[in-house]
Structures are given as C-alpha cells and as structure tokens.
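Trainee:
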Amino acid sequence: GGAGVLSQDPLPCGTLVLAVFRLPREAKTYEVIVRVAWSEGSAMGLEFLLPDEALVEAIRRLRLELLD
C-alpha cells in the first residue's frame, strides 16, 4: 500500500522518511516509514513499509468516502 501526496518540497525517488498522517475525521495520527516510489512536479508516490493495519484501514475508509 501507499499514498500519493502533494508537497512544496518533493523528495527524490528512493528516499526513506518517517511520515506522519492526520486523516480527515480521524482523531489519531499515524506514523509509518515510507519510501518515495516516484516524484513528478509537486506530486510524490509513497510506498508504505510495514504499515500499521489501522492506517491502511483508515485510508480505505477515506478513499471509499471520496469515491461516493
């Protein structure tokens, strides 16, 4: 799993980062180590490395909400 994000300062491909996510309608924040899989302009694709299942489920819920 992973996520696409926009950044004013995109990182180079292959960079490892501790990312902290705060999702809409979620009380807690989620931390996960990510690898920048791709970077184009201000967009980056982040690959989650050993994500907490709670984060994956929260992103799935958000995605379903946005698709409705």
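Its first residue numbered 4, the sequence shown is counted upward by one per residue in this note's numbering. Idealized CB from N, CA, C, for every residue including glycine.
(1) Leaving out the 5 sequence neighbours to the left and right, which residues in its chain are closer than 8 Å to Val59 when beta-carbon positions are compared?
(2) In terms of DSSP beta bridges, what is Leu82 paired with?
(3) Name, in chain order, the residues that DSSP records as bridge partners for Ala6.
(4) Work out the CA separation of Glu43 and Cys16 for me, nearest whole Å.
(5) According to DSSP, simplified to helix, strand and coil, what is Glu56?
Mentor: Taking the structure as given:
(1) Gly4 and Phe51
(2) Absent from the structure is residue 82, since the part of the chain shown begins at 4 and ends at 71.
(3) Leu49
(4) 10 Å
(5) helix
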